[in-house]
Ligand code: SF4
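In my numbering, the protein residues as written are 9 to 324.
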């Protein structure tokens, strides 16, 4: 299927898609959405699917490599929709933040809407059966389906499906946290070997999900992880902050990446303390489990609940 662009170099619907009637669109951005693609294509293989990656051009290199691998292994073409978030930030003259949450809308949702145009389309979203979160809104021409919910697919099943194809998204394993927890647990460190993979990955990752490297929803330990694993991107985030973290309207600092009046230099200066806090939190959680029952999904729930969701189209 050939994607075409308009005179502004924006991606438009593949030619011929209207003639074939309803379009079938599967956004892929992480393990859940990939599992939705696997399930949906298996249950209705006769349909012609368009796979979309909403690329803000500010994703992690690890994620871009994973998207390339998904294309290779699945033998599909993933269309890079989305718009440059760096350009959008320059236009907005303010950093995106929980109070000015324009990023998903301008960099992902609107470009996706433009891509679909006025065509009748069904979009398949990867919300799991074990998740309670709102889905996408249906419109006059857009229907929304949830293959994982419809088929009762929960997190362990998502792992089985995606791992079975060797296509787990980057785990962002953080050796520093692992070593710190092992040292802190001492003779109780055996419990780490008992962790189901989906809990282990979440516990020792420097990143809770594959999203924009400078996402303002990431927690402070994740910023430390970015600094350690991609110092160039951390520096880039600092320079975007220096340029756009000052509001022309209020003549004051607006929200910076990690909060009001708190520049990223805070992460550099407090790196060891923040990392130690994460090591302590993980160790405490594992010790708590040692004293109660065997591992269940409840441990995962505690970790999952601690995450801030950045939306349907952001790395799920
Ligand atoms: S990942 Fe974060 S910064 Fe990127 S579009 Fe989503 S909410 Fe915005």
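In this text, a Cβ means the ideal position worked out from N, Cα and C, and glycines have one as well.
None of these values were measured; they are calculated from a predicted model.
Is residue 324 helix, strand or coil by DSSP? In the structure shown, residue 324 sits in coil (DSSP, three-state: anything other than H, G, I, E or B).
**Message:** By the three-class DSSP mapping on this structure, what secondary structure does residue 110 have?
**Reply:** Looking at residue 110 - three-state DSSP - the assignment turns out to be coil, as it is neither helix nor strand.
Rounded to the nearest angstrom, what separates residue 63 and residue 217 at their Cα positions? Near 15 Å, if we compare the C-alpha coordinates of residue 217 and residue 63.
Q) Who are the near neighbours of residue 279 in its chain, counting only those whose CB is closer than 6 Å to its CB and skipping five residues on each side? A) Setting aside the 5 residues that flank it on each side, residue 279 is surrounded in the same chain by 232, each with a C-beta closer than 6 Å to its C-beta; the list follows chain order.
| task | Could you tell me if residue 273 is buried or exposed, where buried requires 16 or more neighbouring beta carbons within 10 angstroms of its beta carbon? | result | Counting of Cβ neighbours within 10 angstroms places residue 273 among the exposed residues, the total staying below 16.
Got a sec: does the ligand SF4 put a non-hydrogen atom nearer than 7 Å to the Cβ of residue 180?
At a cut-off of 7 Å, the beta-carbon of residue 180 does not count as near the ligand SF4: no heavy atom of the ligand is closer than that.
How long is the line joining the alpha carbons of residue 76 and residue 70, rounded to whole angstroms? Linking residue 76 to residue 70 through their CA atoms gives a straight-line distance of about 10 Å.
| Extent of the continuous beta strand (DSSP E) to which residue 31 belongs | Segment 31-35, the beta strand (DSSP E) holding residue 31.
**Prompt:** Across which residues does DSSP place residue 61 in a beta bridge pair?
**Reply:** DSSP, once it has assigned bridges, lists 88 as partnering residue 61.
Please determine whether the Cβ atom of residue 254 lies at a distance below 7 Å from any heavy atom of the ligand SF4. Incorrect: residue 254 has no Cβ contact closer than 7 Å to the ligand SF4.
Checklist entry - Tell me which same chain residues have a C-beta within less than 7 Å of the C-beta of residue 197, skipping the five on either side of it? => result Result list for residue 197: 190, in chain order.
**Prompt:** Within this structure, are the beta carbons of residue 169 and residue 43 separated by less than 8 Å?
**Reply:** Cβ atoms of residue 169 and residue 43: closer than 8 Å.
Residue 142 Cβ short of 7 Å to the ligand SF4 heavy atom set
Not one heavy atom of the ligand SF4 falls within 7 Å of the beta-carbon of residue 142.
May I ask which residues mark the beginning and end of the beta strand (DSSP E) holding residue 130? From DSSP, the beta strand (DSSP E) with residue 130 extends over 129-132.
Next item on the list: Give the range of the alpha helix (DSSP H) segment to which residue 161 is assigned.
Entry: Counting along the chain, residue 161 falls outside any alpha helix (DSSP H), and DSSP gives it neither H nor E.
Cβ of residue 72 versus every heavy atom of the ligand SF4: is any distance shorter than 7 Å? Not one heavy atom of the ligand SF4 falls within 7 Å of the beta-carbon of residue 72.
Problem - Best match in 277, 157, 299, 68 for proximity to residue 142 [C-alpha to C-alpha] - result: The candidate whose alpha carbon is nearest that of residue 142 is 157.
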